[in-house]
Each structure stands twice: as structure tokens, then as C-alpha cells.
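Asker:
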Amino acid sequence: MSDGGFPDKGTYTLVIRVEEPTTVTVGALGDIGFDDGVYAYTGSAFGTGGLSRVDRHKRVASGENDARHWHIDYLLGDDATALVSAIVTDENAECEIARSIDGEPVLDFGCSDCSCRSHLKLTTQDSAETVYGGRDTWTRRFR
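The sequence shown begins at 1 in UniProt numbering and counts up by one.
1) How about Thr-11 and Ala-93: are their beta carbons less than 8 Å apart?
2) Work out the CA separation of Ala-86 and Ala-61 for me, nearest whole Å.
3) Cβ of Asp-136 within 8 Å of Cβ of Thr-89?
4) Once DSSP output is grouped into helix, strand and coil, what is the label at residue 145?
5) Could you compute how far the alpha carbon of Ser-112 sits from the alpha carbon of Leu-122?
6) Check this for me: beta carbons of Val-24 and Val-38, under 8 Å apart or not?
7) Classify Thr-48: buried if its beta carbon has 16 or more other beta carbons within 10 angstroms, exposed otherwise.
8) Which same chain residues end up closer than 6 Å to Gly-50 when comparing Cβ atoms and leaving out the 5 residues on each side of it in sequence?
9) I'd like the list of long-range same chain contacts for Lys-58, defined as Cβ closer than 7 Å, with 5 residues on each side in sequence excluded.
10) Tell me whether Leu-107 is buried or exposed, calling it buried when 16 or more other Cβ atoms sit within 10 Å of its Cβ.
11) Have a look at the DSSP bridge pairing and note the partners of Ile-87.
12) Based on DSSP bridge pairs, tell me the residues matched to Glu-104.
13) By Cβ distance, which residues of its chain are closer than 6 Å to Pro-105, with the 5 residues on each side in sequence left out?
14) What whole-angstrom Cβ distance do Gly-110 and Tyr-41 have, given they're in contact under 8 Å?
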């Protein structure tokens with residue numbers, strides 16, 4: 001277990017609230033418009049550092065870290081967004097979970113290393129938590 005109570009490595013879903021419509025320049029994807037609402041972003045962290053990546057995402061969302069490495073960093077760094085929670089499993093199920101979340105995909109977001117349409121969806125918090133049913137999970141709430 002990591003110091004944050006999560007397993008050391010795994011798949012995670014960040015639940016993000018966009019408080020008001022906003023446009024974010026997301027690296028090579030360019031400008032993307034986001035409606036207000038709840039978004040679910042699914043990623044994995046099986047490499048060096050493992051799920052400490054979730055803490056890094058939290059620092060980006062809080063303004064403590066302004067580095068933009070992944071697509072999600074651009075959204076988390078926008079003033080109109082707030083990181084609500086992270087749901088984690090120690091299973092390697094990133095694409096399966098991303099596809100299982102109900103909602104409207106933000107095309108090409110967060111999936112440059114796979115064939116999925118998107119790893120970010122406009123959804124509901126309930127939907128993001130429900131898709132982990134039957135798996136061992138850990139949840140951390142940020143607000």
C-alpha cells in the first residue's frame with residue numbers, strides 16, 4: 001500500500017466537476033469546449049511511481065503543480081474545474097473501465113496509447129463509481 005492508502009499500482013478514475021462551461025487548450029488536441037457537469041477520466045499507473053500519479057493530479061488541480069504532461073493535466077489546471085474524488089483498483093483494467101462508464105465521450109482525450117475513443121466522459125458521479133462494482137476498490141474524496 002502507498003502512503004495515501006491506495007495500492008502501489010493500478011487503474012484509477014478521477015471524478016471532476018466542471019463548474020461552468022470552459023474552453024481548454026489540450027496540448028496537440030487543441031481547443032476543447034467543456035460543458036459544465038461531472039466528468040470521469042480513467043487512467044492507469046503501473047509504471048514507476050505507480051498510483052502516486054493520483055497525488056500528482058491532485059497537485060495540478062490545486063495549482064501546486066503547473067506542469068502539463070498528460071491530457072488530463074490541462075483540464076485539471078483550468079480554473080473552472082475541481083477534482084472531486086479518485087476511485088482506484090489494483091487491476092489492470094483501464095480501457096475496460098473507461099468504456100464501461102456511461103456518458104458522452106470527449107473524443108481522443110486521454111487515449112493516445114490505445115484504440116479507445118476516449119478515456120474522459122461527461123457523466124454522473126454515480127456512473128463512475130458503479131462501473132467498479134465487484135472489484136476491490138479504494139476511494140479518496142477531495143471535496
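Using N, Cα and C, we set each Cβ at its ideal position, and we do this for glycine too.
What you are looking at is a predicted structure, and each value in this text was computed from that prediction instead of being measured.
Answerer: From the atom records:
1) Yes, the pair counts as a contact, with Cβ atoms nearer than the cut-off.
2) Taking the straight line joining both Cα atoms gives about 12 Å.
3) Between Asp-136 and Thr-89, the C-beta gap is smaller than 8 Å, which places the two residues in contact.
4) Any property of residue 145 remains undetermined from this structure, which presents the chain solely from 1 to 143.
5) Using only the alpha carbons, I get a separation of about 19 Å.
6) No, Cβ-Cβ distance for Val-24 and Val-38 is not below 8 Å.
7) Exposed is the call here.
8) Once the five neighbours on either side are set aside, the close Cβ partners of Gly-50 are Asp-8 and Lys-9.
9) Cβ within range, chain order: Leu-83 and Phe-142.
10) Here Leu-107 is exposed: its Cβ has fewer than 16 other Cβ atoms, across all protein chains shown, within 10 Å.
11) DSSP, once it has assigned bridges, lists Thr-13 and Thr-139 as partnering Ile-87.
12) Glu-104 is bridged by DSSP to Leu-122.
13) The residues are Arg-117, Ser-118 and Lys-121.
14) Indeed, because the Cβ distance is near 6 Å, the residues count as touching under 8 Å.
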